[in-house]
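Residue numbers (the numbering used here), protein chains in the order written: chain A, 1219 to 1386; chain B, 8 to 175.
All C-beta atoms in this analysis are idealised placements derived from N, C-alpha and C, irrespective of residue type, glycine included.
This report refers to the structure that appears directly beneath it.
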Amino acid sequence: MSTAEILQMIHDTWLGQVTREHAPIFTTALVIHFVGICLMLGAMLVIDLRLLGVGKQVPIKAVLSVLPVAIFAFVINLLTGIVFFCFDPVGYYNNPAFKMKVVLILIAGLNALFFTLVEHKKLVATGPGYDATALAKISAALSLFCWFAVILFGRLIVAFQGATSFFS
Amino acid sequence: MGVLDWLESLPLSEWVATSEAGYPAMLSLHSIGMSAVVGLLLMLDFRVLGFGRGIPYSIYKKFMPYAWAGFALNLISGVLLFNSTANRLMINWPFLTKMGAIVLAGGITWLLWRSIKSQDEVGADGTAAASRGAKLLAVVSIFLWFVAIVCGRLIAYVMDYQILNSHR
């Protein structure tokens, strides 16, 4: 099956049809997406800023308790994101800002996976005043950089509608 | 010439309104700032409501400069966005509602912050449960941020409707 056929299939799904026929669905999903952005970044800032050394007297284990908020928000935004994609699969697929956003989400995801597998266990065992290792700090900085960049390129999707590259 | 016309005639306003990069750049900065200020203040509200109680309020004192940085980014990008379309925004109900919600949310957060600060000194580790009054303020604050986000999203739709041919 070619890419074009897959995109057409997504386009023809029930979700795609229903979002194209009822404009309020897209608008509502967009509002929820923005609430999700706030929840996601709020939780990530709490965790990543602490890892970077802000509020060091607080044990890392304590700030990690907001992680469920980030996961919840990510799932919400993934689901609303699927709604957008089904609305116009070809448009999103070719949009350079959307491509960039997806790449950044993948990098952020790999970074989160690294953090979970390698750093999480060690950090939970540390106490108040603990200064995270350089590696954990790089991971935290990369996380914030990626998520802010995801917002940036997400917002630029409309601006690059119909364009095939950033420089066309 | 009225004040609104004068604002729209400023060179920077014209750049935001007519250049290819101006408007998307301001919208992007506005979304990034939003995620920092609303995100962190939502996390504070959740904490007051009892979520992640292991996190002492004192760490939010350290996070506040980052919330203020997000607010500053949004004030600057917001003023530039406003100046570029001042006349139309002053008759845009979602815009006016959003401004009202932000002013109220700011005031509520200030009251909440005051009640927390006195409480943090009472609880030895700053992890005590919040008073009922503080919890009520937190709920109102979450509601107002939600209203601000919803109305912020609706500004463009109402504006499109008004002029039917937007440069968005």
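Taking the C-alpha atoms as reference points, what is the distance between E21 (chain B) and L11 (chain B)? Near 13 Å, if we compare the C-alpha coordinates of L11 (chain B) and E21 (chain B).
What is the residue span of the alpha helix (DSSP H) that H1229 (chain A) lies within? Taken as a continuous stretch (DSSP letters only), the alpha helix (DSSP H) holding H1229 (chain A) covers 1221-1229.
Counting only beta-carbon atoms, is G59 (chain B) nearer than 8 Å to chain A? yes
For K1274 (chain A) and V1342 (chain A), which I take to be in contact (beta-carbon distance under 8 Å), what is that distance rounded to the nearest angstrom? The beta-carbon separation of K1274 (chain A) and V1342 (chain A), rounded to 16 Å, does not stay under the 8 Å limit for a contact.
Look at the alpha carbon of G40 (chain B) and the alpha carbon of Y168 (chain B), and state the distance between them as a whole number of angstroms. 27 Å
So G46 (chain B) contacts chain A; which residues on that side make the cut at Cβ distance below 9 Å? I1255, C1256, L1257, M1258, L1259, G1260, A1261, M1262, L1263, V1264
Contacts of G1327 (chain A) in chain B (Cβ-Cβ under 7 Å): Under the 7 Å cutoff, chain B gives no residues; its nearest Cβ is about 18 Å from G1327 (chain A).
In chain B, which residues lie less than 7 Å from T1298 (chain A) when you measure between Cβ atoms? Neighbours of T1298 (chain A) in chain B, taken as residues at a C-beta separation under 7 Å, are lacking, since the least C-beta distance is about 12 Å.
Roughly how many angstroms separate the alpha carbons of S16 (chain B) and S35 (chain B), rounded to a whole number? Taking the CA atoms as reference points, S16 (chain B) sits about 23 Å from S35 (chain B).
Which value, in whole angstroms, describes the spacing of the CA atoms of Y1348 (chain A) and K69 (chain B)? 16 Å
When DSSP labels each residue in this structure, what does G1254 (chain A) get in the three-state scheme? helix
So, does the region 1308-1322 of chain A touch the region 1367-1380 of chain A, judging by three or more C-beta pairs under 8 Å? yes
Collapsed DSSP secondary structure at S42 (chain B) in the structure displayed: helix
Look up V157 (chain B) in the DSSP assignment and say whether it is helix, strand or coil. helix
Cross-chain neighbours of S1361 (chain A) in chain B, by beta carbon under 8 Å: The contacting residues do not exist; S1361 (chain A) stays about 13 Å from chain B at best.
8 Å contact criterion, which V110 (chain B) and F78 (chain B) should meet: CB distance rounded: Not a contact, Cβ separation roughly 12 Å.
For the region 1291-1304 of chain A against the region 75-91 of chain B, do three or more pairs of beta-carbon atoms, one drawn from each stretch, fall closer than 8 Å, so that the two count as touching? no
Does DSSP put M97 (chain B) in a helix, a strand or coil? M97 (chain B) falls in the coil class under three-state DSSP.
By how many angstroms is the C-alpha of L88 (chain B) removed from the C-alpha of F158 (chain B)? According to the sequence provided, residue 158 (chain B) is Cys. The question's Phe does not apply to it. Roughly 15 Å separates the two Cα atoms.
What residues in its chain sit with their C-beta under 6 Å from that of P1307 (chain A), if we drop five residues either side in the sequence? L1225, I1228, H1229
So, is W1329 (chain A) buried or exposed, given that buried needs 16 or more other C-beta atoms within 10 angstroms? For clarity, residue 1329 (chain A) is Asn in the given sequence; the question names Trp instead. Buried, because 16 or more other Cβ atoms sit within 10 Å of the Cβ of N1329 (chain A).
Using CA coordinates, which residue listed in B:S65, B:M50, B:P72 is at the minimum distance from L1285 (chain A)? B:M50
Cut-off 6 Å between Cβ atoms - residues of its own chain near F53 (chain B), not counting five sequence neighbours on either side: none
Segments assigned beta strand (DSSP E), at least 3 residues, entirely inside the region 1245-1331 of chain A: none
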